[in-house]
Amino acid sequence: MSVLKYWLFLFIVCGFFSYSVGQTRNEPIGQCFKKANRNAIAKRIVQLKIRVSNEMNCHIDSISYTIDKKYTFSYTKECRHLPKEMSFYACGQRKTYVHLGLTGLAGYWLFASWTEVR
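Anchor point for the sequence shown: position 32 equals 59 in the numbering used here, and the numbering is continuous, going up by one each time.
Here it is, written out as structure tokens:
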């Protein structure tokens, strides 16, 4: 019975490790902003995902992303931090984009562009 427990423990630990290492997530962005800003931020992220989908030649539903860097100086709440650099994963590819805004304030963030990091 102890061998079974050992294998079960090993299986769970390995499964958790591979899940946490291999997982990319679509993090919620700007959840503590007012509703109008949240909608505008979500729309901007969808536009960026469409662009990435076209550039990677992958369906938009297969794209996931992680936020590599955030604007942190403007807000005290973590849920208000806006992405400064994001990595997108799809079809075995990875592309990283950086925000070309001057600040993490929502109004300025929405109108700035993104460029691919080479």
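No residue lacks a Cβ here, since even glycine has one placed at the ideal position from N, Cα and C.
What you are looking at is a predicted structure, and each value in this text was computed from that prediction instead of being measured.
request  = Taking the CB atoms as reference points, tell me whether alanine 67 and leucine 137 lie closer together than 8 Å.
outcome  = For the purposes of this step, residue 67 is taken as residue 40 along the sequence shown, with counting starting at 1. For the purposes of this step, residue 137 is taken as residue 110 along the sequence shown, with counting starting at 1. Result yes, Cβ atoms of alanine 67 and leucine 137 sit closer than 8 Å.
query = Any idea what DSSP makes of phenylalanine 115, helix, strand or coil?
reply = What you label residue 115 is simply residue 88 of the sequence shown in a count that begins at 1. Residue state, collapsed to three classes: strand.
task = Leaving aside the five residues before and after tyrosine 113 along the sequence, list all residues of the same chain whose C-beta is less than 6 Å from its C-beta, in chain order.
result = Against the sequence shown, residue 113 aligns to sequence position 86. It should be pointed out that residue 113 corresponds to methionine in this sequence rather than to tyrosine. Closer than 6 Å at the Cβ level, and outside the excluded window around methionine 113, lie Tyr92, Ile94, Tyr124.
ask   = Leaving out five residues before and five after cysteine 106 in sequence, what residues of the same chain have Cβ atoms less than 7 Å from its Cβ?
value = In the sequence shown, counting from the first residue as 1, residue 106 sits at position 79. Excluding positions up to five away in sequence, the list reads Gln58, Cys59.
message = Helix, strand or coil, according to DSSP, for serine 91 in the structure here?
response = Counting from one through the sequence shown, the residue named residue 91 turns up at place 64. If DSSP states are grouped into helix, strand and coil, serine 91 belongs with the strands.
task = Using alpha carbons as the reference points, say which of Trp141, Arg65, Val144, Val79 lies closest to tyrosine 116.
result = For this step, residue 116 is matched to residue 89 along the sequence shown. Considering only alpha carbons, the answer is Val79.
ask   = Is the beta carbon of histidine 109 less than 8 Å from the beta carbon of isoleucine 56?
value = Within the sequence shown, the letter at position 82 stands for residue 109. Within the sequence shown, the letter at position 29 stands for residue 56. It should be noted that the sequence gives leucine, not histidine, for residue 109. Cβ distance < 8 Å, so leucine 109 and isoleucine 56 count as in contact.
ask   = Within 10 angstroms of its Cβ, does lysine 97 collect 16 or more other Cβ (buried), or is it exposed?
value = The residue you call residue 97 lines up with position 70 of the sequence shown. When all chains shown are included, lysine 97 counts as buried.
request  = Would you kindly work out how many angstroms separate the C-alpha atoms of lysine 127 and glutamate 143, rounded to a whole number?
outcome  = Counted from its first residue, the sequence shown places residue 127 at position 100. Counted from its first residue, the sequence shown places residue 143 at position 116. The sequence shown places leucine at residue 127, rather than the lysine named in the question. Roughly 10 Å between the two C-alpha positions.
query = I think alanine 139 touches asparagine 64, with their Cβ atoms under 8 Å apart; what is that distance to the nearest whole Å?
reply = As a first step, residue 139 is located in the sequence shown; it is residue number 112 there, counting from the start. As a first step, residue 64 is located in the sequence shown; it is residue number 37 there, counting from the start. That pair is no contact at about 15 Å.
key: Residues near glutamine 120 by beta carbon distance below 8 Å, same chain, minus five either side   = Sequence index remark: in the sequence shown, residue 120 carries index 93 (1-based). The answer, listed in chain order, is Met83, Cys85.
key: CA-to-CA distance, lysine 62 to tyrosine 135, given in whole angstroms   = As a position in the sequence shown, residue 135 is number 108, starting the count at 1. As a position in the sequence shown, residue 62 is number 35, starting the count at 1. The straight-line gap from Cα to Cα measures roughly 17 Å.
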